[in-house]
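S.K.: Just dropping this structure here.
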Amino acid sequence: MAGDLRTFVTEKEVLAVAQQMHGAEVEISDYDVEKGTISSVQGFLSNILRVSFRAKVGQRNVTSKFVVKRKPILESQLSTVDEMQAFENEIGFFKLCAPHLRERCPDLPVVTCYLTDEENSIIYMEDLKESGYVALVRNIGDLKHDILTERHLDLVMRTLAKFHSASLGINWLEKLPSLFKEDAMFTSGAEMIKKFVRQSAEKALVPITEHHFKGNDYFCRSSRWVTSEDFFLALKAICEPDTAGLNVVCHGDGWVNNMMFKLDPNSGKPLSIKLIDFQICRYTPGNRDLMDFLYTVCPVEVRKKNEKRLLRVYWDTFVAECKERGVPVAQDWEKFYQNFDRNRAFGLMMAVCLRPSIFVKGTFPEGDEALTDDHINTALEGGSQVSDMIREFENNPEFRAEMISLIEETAELFYKYYA
Numbered sequence: 001m002a003g004d005l006r007t008f009v010t011e012k013e014v015l016a017v018a019q020q021m022h023g024a025e026v027e028i029s030d031y032d033v034e035k036g037t038i039s040s041v042q043g044f045l046s047n048i049l050r051v052s053f054r055a056k057v058g059q060r061n062v063t064s065k066f067v068v069k070r071k072p073i074l075e076s077q078l079s080t081v082d083e084m085q086a087f088e089n090e091i092g093f094f095k096l097c098a099p100h101l102r103e104r105c106p107d108l109p110v111v112t113c114y115l116t117d118e119e120n121s122i123i124y125m126e127d128l129k130e131s132g133y134v135a136l137v138r139n140i141g142d143l144k145h146d147i148l149t150e151r152h153l154d155l156v157m158r159t160l161a162k163f164h165s166a167s168l169g170i171n172w173l174e175k176l177p178s179l180f181k182e183d184a185m186f187t188s189g190a191e192m193i194k195k196f197v198r199q200s201a202e203k204a205l206v207p208i209t210e211h212h213f214k215g216n217d218y219f220c221r222s223s224r225w226v227t228s229e230d231f232f233l234a235l236k237a238i239c240e241p242d243t244a245g246l247n248v249v250c251h252g253d254g255w256v257n258n259m260m261f262k263l264d265p266n267s268g269k270p271l272s273i274k275l276i277d278f279q280i281c282r283y284t285p286g287n288r289d290l291m292d293f294l295y296t297v298c299p300v301e302v303r304k305k306n307e308k309r310l311l312r313v314y315w316d317t318f319v320a321e322c323k324e325r326g327v328p329v330a331q332d333w334e335k336f337y338q339n340f341d342r343n344r345a346f347g348l349m350m351a352v353c354l355r356p357s358i359f360v361k362g363t364f365p366e367g368d369e370a371l372t373d374d375h376i377n378t379a380l381e382g383g384s385q386v387s388d389m390i391r392e393f394e395n396n397p398e399f400r401a402e403m404i405s406l407i408e409e410t411a412e413l414f415y416k417y418y419a
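Using UniProt numbering, read the sequence shown as starting at 1 and increasing by one per residue.
Below, the structure written as structure tokens:
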């Protein structure tokens, strides 16, 4: 297998990256290429390869590793990537934006990019595993287990706060219009995402509402709203710069699978996080990243119990980081929280589209199962069949409680801000 994979990474490419790592005098002796991850989700919109090379640097013999991120192989993945312009976005982030962020924040919690190849849509990055970082989930189904402790959640908030603080105070839409003018989800990939959101709601939220709250138009109306053009336009507006919020460079897809954790070797406690995968980066208030994480990763009872405390951890860290760099924060905690609450529709969308797939089998691969075109197409069509959703709702108390809570939260948000 490794021999076959060498055709994806040439010796010329290895040398170019090695020169970034070790200097111009490096000489390549040999190299190997292996599959970069067994994670189905981590490779959802890419093909990840890991390169190990042996080289001479002066009189020293060295062995080093790096990661190559290429366009995916499956046809369904390729069409998704191309429609969203995902690789153009990520290459733009690393080439145009990340250098400015590192100037402002030398310890920016982001994977290091060595080189990019715009013509062939290839990104060459540091191998975080060599520094002791690990992924905590293989696929979205792993989130049904209690993977994240309070310590993990706090660290995520502090990490996102540091990342966001590095970009506050600059109008990135004016500075880098080529990167931030169009949104991968709501401009470039708008038709695909609109269909995905609508069908996800039609597969789970709407039929479960009609099944459980029979004849109750209060809940049925608000759940149907999630399938509407108005809901999609609200999402699009939420992911644009907001005069009522603190606009920063956002990750755009900041759930736990796009974070790698360094753990204490003895206790297993999380020590630090590096962010990866910037295919959906955008310029908008940072609380959108917080909604993405909290609504996707956390079971509803965990999110509701810890939300304000976690947001406060984020806020205090964000303010402290900005103060350290002399960047004014033109908002207080109350205004920050109001902006989060006013724009919850984005988090709600993430929960509606992804949380059911954690419980109902068939949408995403499980364990080490290979990702297929069928998985991609099923996911983009909103997940499993309605009958599977109803069956899981009736037989799984955890899923039942989560969906009822999500239906009630949808109604509360709709009648508070949108009806």
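Glycine included, every Cβ here is placed at the ideal spot set by N, Cα and C.
Report, in whole angstroms, the separation of the C-beta atoms of C322 and R288, which I expect to be a contact under 8 Å.
M.R.: Taking the first residue of the sequence shown as 1, we reach residue 322 at position 322. Taking the first residue of the sequence shown as 1, we reach residue 288 at position 288. Their Cβ separation, rounded to whole angstroms, is 18 Å, which puts C322 and R288 out of contact at 8 Å.
S.K.: Please report the Cβ distance between V77 and L45, rounded to the nearest whole angstrom; I am assuming they are in contact, meaning their Cβ atoms lie under 8 Å.
M.R.: Counted from its first residue, the sequence shown places residue 77 at position 77. Counted from its first residue, the sequence shown places residue 45 at position 45. The amino acid occupying residue 77 in the given sequence is Gln; Val does not appear at that position. With 8 Å as the limit, Q77 and L45 qualify as a contact, their Cβ atoms being about 6 Å apart.
S.K.: Residues bridged to R325 by DSSP?
M.R.: What you label residue 325 is simply residue 325 of the sequence shown in a count that begins at 1. Paired residues: none, contrary to the question.
S.K.: Would V206 pass as a contact of Y124 if the rule is Cβ separation under 8 Å?
M.R.: Reading the sequence shown from its first residue, position 206 is the one you call residue 206. Reading the sequence shown from its first residue, position 124 is the one you call residue 124. Contact: no.
S.K.: What does DSSP give as the partner residue(s) for T116 in the beta ladder?
M.R.: As a position in the sequence shown, residue 116 is number 116, starting the count at 1. Per DSSP, I123.
S.K.: Given a cut-off of 8 Å on the beta-carbon distance, is the pair F278 and F93 in contact?
M.R.: In the sequence shown, residue 278 corresponds to position 278, counting from 1. In the sequence shown, residue 93 corresponds to position 93, counting from 1. Yes, the pair counts as a contact, with Cβ atoms nearer than the cut-off.
S.K.: Is the CB-CB distance between T209 and S228 below 8 Å?
M.R.: The count along the sequence shown starts at 1 and reaches residue 209 at position 209. The count along the sequence shown starts at 1 and reaches residue 228 at position 228. Not a contact, by the Cβ cut-off of 8 Å.
S.K.: Are the CB atoms of N89 and I238 within a distance shorter than 8 Å?
M.R.: Here residue 238 refers to the residue found at position 238 of the sequence shown. Here residue 89 refers to the residue found at position 89 of the sequence shown. Cβ distance not < 8 Å, so I238 and N89 don't count as in contact.
S.K.: State the start and end residues of the unbroken beta strand (DSSP E) segment that holds E27.
M.R.: The sequence position of residue 27 within the sequence shown is 27, counting from 1. That run of the beta strand (DSSP E) goes E27 to K35.
S.K.: On the three-state DSSP scale, how would you describe N47?
M.R.: Position 47 of the sequence shown, counting from 1, holds the residue named residue 47. Strand.
S.K.: Closest to M403 by C-alpha separation, out of F414, S387, Q385 and F359, would be which residue?
M.R.: Counting from 1 along the sequence shown, the entry for residue 403 is found at position 403. Of the listed residues, the one whose Cα sits closest to M403 is F359.
S.K.: For A55, is the classification buried or exposed, using 16 other Cβ atoms within 10 angstroms of its Cβ as the cut-off for buried?
M.R.: For this step, residue 55 is matched to residue 55 along the sequence shown. Buried, by the Cβ-count rule.
S.K.: Using only CA atoms, which one of E301, T7, N258 and P265 lies nearest to A135?
M.R.: The sequence position of residue 135 within the sequence shown is 135, counting from 1. Selected option, being the one with the closest Cα: N258.
S.K.: Quick one: does the C-beta of S272 sit closer than 7 Å to a heavy atom of the ligand ADP?
M.R.: Looking at this structure, you won't find the ligand ADP or any other ligand, since it has none at all.
S.K.: Go to K175, then tell me how far its alpha helix (DSSP H) extends in each direction, as first and last residue.
M.R.: By 1-based counting over the sequence shown, the position of residue 175 is 175. First-last of the alpha helix (DSSP H) with K175: W172 to K175.
S.K.: If you scan the stretch 192–273 from start to end, which runs of the beta strand (DSSP E) of 3 or more residues do you find wholly inside it?
M.R.: Taking only runs of at least 3 residues, the beta strand (DSSP E) segments lying wholly in the stretch 192–273 are 247–250 and 259–263.
S.K.: Taking 8 Å as the cut-off, decide whether the C-beta atoms of T116 and I91 are in contact.
M.R.: Position 116 of the sequence shown, counted from the start, is the residue given in the question as residue 116. Position 91 of the sequence shown, counted from the start, is the residue given in the question as residue 91. Yes, these two residues count as a Cβ contact at 8 Å.
S.K.: For chain E, find out if any of its Cβ atoms is closer than 8 Å to the Cβ of L153; answer yes or no.
M.R.: The structure shown contains no chain E; it holds only a single protein chain.
S.K.: Using only the alpha-carbon positions, how far apart do F180 and R282 sit?
M.R.: Within the sequence shown, residue 180 is the residue found at index 180, counting from 1. Within the sequence shown, residue 282 is the residue found at index 282, counting from 1. If you take the alpha carbons of F180 and R282, they lie about 6 Å apart.
S.K.: Determine whether the beta carbon atoms of N339 and A244 lie at a separation below 8 Å.
M.R.: Along the sequence shown, one-based indexing puts residue 339 at 339. Along the sequence shown, one-based indexing puts residue 244 at 244. The answer is yes: Cβ separation under 8 Å.
S.K.: Should T149 go down as buried or exposed, given a rule of 16 or more other Cβ atoms within 10 Å for buried?
M.R.: One-based indexing of the sequence shown puts residue 149 at position 149. With fewer than 16 Cβ atoms within 10 Å of its Cβ, T149 is classed as exposed.
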